[in-house]
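Take a look at the structure set out below.
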Amino acid sequence: MMKLNKAVAAVALAGSVAAMSAPAMARDTISIVGSSTVYPFATVVAERFGTKTDFNTPKLESTGSGGGMKLFCQGIGTQHPDITNASRRMKTSEFEMCQKNGVTDITEFRIGSDGIVIASSKDAENLDITLEQLFLALGSKVPVNGEWVANPNKTWSDVDSSLPNKPIRVMGPPPTSGTRDSFNELALAAGCDELPEAESLSKDQHKAICESVREDGAFIEAGENDNLIVQKLIGDTDMYGVFGYSFLEENADRLQAATLNGMVPTAEDIAADKYPVARSLFFYVKKAHVGVIPGIQEYVEEFTSNAAMGQNGYLKNVGLIVPPRDQLMNLMDKSENLPNLALEELK
1 MMKLNKAVAA VALAGSVAAM SAPAMARDTI SIVGSSTVYP FATVVAERFG TKTDFNTPKL
61 ESTGSGGGMK LFCQGIGTQH PDITNASRRM KTSEFEMCQK NGVTDITEFR IGSDGIVIAS
121 SKDAENLDIT LEQLFLALGS KVPVNGEWVA NPNKTWSDVD SSLPNKPIRV MGPPPTSGTR
181 DSFNELALAA GCDELPEAES LSKDQHKAIC ESVREDGAFI EAGENDNLIV QKLIGDTDMY
241 GVFGYSFLEE NADRLQAATL NGMVPTAEDI AADKYPVARS LFFYVKKAHV GVIPGIQEYV
301 EEFTSNAAMG QNGYLKNVGL IVPPRDQLMN LMDKSENLPN LALEELK
């Protein structure tokens, strides 16, 4: 997968909100933050954009979806990023934070699909596991004799005798990551809901219990670097990792995916939402910066072009599960008109 060139045009840091309307630019390079899952795809687009246009190559930072939203929503002005990537949809609380800080005009782009996988080295014993078993392995609290208690399971076989008799050790993203949010909601909570004890939980209890990963060392946070997880798995056959499908595909010669609820992840099943932990990928544009920071709309048009996201596009070649043609046409229309995202769309 292509990596962002280290040689990025220097940024002159100056100005505030007032500078946004001044004739002299305080910054002439697009600033993009957010998801580590979207980062490789955005990097490829940024490199192509910098090569084929007269604009500078955008500067990207992998801050995680939550971290990116926080930076994006801090305000208007060249000291704040122009675009944030996300491996889950913007939350209503984040939208409201943006509005409070004057970031009132935002355009949302759903750029494709990804799946969250449980992976291991090809030399490791592979997992064939249900989401219920996964929750019982990684949830912070699990039911024992009708009571929710701190997770006592030490080995996979403690969860179910059919699973490997080795310690539960899973490396995954931190709480700032959209992958972590999606994993908690789509994998852990779904597994928790299979348990009869979950039926009596209130909404607040459900979120606190069913979407919480244990913190006793069985789950190891790896930071916002999915490649680090890949390297750890290759060197440790007792470790499993949580990351996006694109990283599995990139390392298919060295890694294998666990079977979840009887399904091995494939691009086709993820795109069709058949895989149990499929999700959508996004980026968000700060419209107040369009026309002030050079190249924002042109970058968006490149990202949503047929050359990038078509069925034979270069993003498909690097692992993005691209949208069908009708959705891509809608994205192209959005890139021209930049419609405002409404709070009601997020509810």
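At position 307 of the sequence shown the residue is numbered 307 (full-length UniProt numbering), and the sequence of numbers has no breaks. Glycine is no exception: its CB is placed at the ideal position from the N, C-alpha and C atoms. It should be emphasised that the depicted structure is a prediction, and the values quoted were computed from it without experimental measurement.
Around the Cβ of V142, a 10 Å sphere holds 16 or more other Cβ atoms; the residue is buried. E96 is the residue among E96, N56 and D269 whose C-alpha sits nearest the C-alpha of E345. Beta bridge pairing from DSSP links P143 with W148.
In this structure, DSSP gives D193 a state outside helix and strand, which the three-state scheme calls coil.
Looking at the DSSP output, V170 bridges to F219 and Y240. Scanning the segment 58-117 from its first residue to its last, the whole alpha helix (DSSP H) runs of 4-plus residues come out as 65-72 and 92-100. Contact holds between the segment 51-69 and the segment 163-177, because three or more Cβ pairs, one in each stretch, are under 8 Å apart. Here the segment 313-326 does not lie against the segment 120-133, with fewer than 3 beta-carbon pairs under 8 Å apart.
Judged by DSSP secondary structure, Q205 falls within the alpha helix (DSSP H) whose first and last residues are K203 to C210. The segment 273-313 is shown to contain whole beta strand (DSSP E) runs of 3 or more residues at 278-286, in chain order. Annotation: A308 to R88 spans about 21 Å, alpha carbon to alpha carbon. A Cβ-Cβ separation of about 32 Å leaves I32 out of contact with A258 under the 8 Å criterion. Using a Cβ distance threshold of 8 Å, V242 and S140 do not count as a contacting pair. Annotated three-state conformation of V45 is helix, per DSSP.
Under the three-state reduction of DSSP output, G34 falls in the strand class. E197 is the residue among T104, L131, I296 and E197 whose C-alpha sits nearest the C-alpha of V149. Of the candidates N330, P339, L136 and V318, the residue whose Cα lies closest to the Cα of L195 is L136. For S62, the number of other beta carbons within 10 angstroms of its own is at least 16, and it is reported as buried. Within the same chain, and ignoring the five residues on either side of P265 in sequence, the residues whose Cβ sits closer than 6 Å to its Cβ are G115, V117, Y245, A257 and Y275. Residue environment: A252 is assigned as exposed (fewer than 16 neighbouring CB atoms within 10 Å of its CB, all protein chains considered). CA-to-CA, the gap between L233 and V38 works out to about 21 Å. G295 places its beta carbon less than 8 Å from that of F55. Beta-bridge partners assigned by DSSP to M263: L260. Judged by beta-carbon spacing, A222 lies beyond the 8 Å limit of V170, meaning their Cβ atoms are not closer than that value. Between the segment 74-87 and the segment 331-347 there are fewer than three C-beta pairs closer than 8 Å, too few to call the two in contact. If the five residues before and after E298 are omitted, its C-beta is found closer than 8 Å to the C-beta atoms of F49, T53 and F55, all from its own chain and listed in chain order.
Here S157 carries a helix assignment [DSSP, helix/strand/coil]. By the beta-carbon neighbour count (other beta carbons within 10 angstroms, threshold 16), Q205 is exposed. Closest by C-alpha distance to S200, out of E147, S36, V285 and I30, is E147.
Partner residues in the beta bridge of L255, as assigned by DSSP, are S121.
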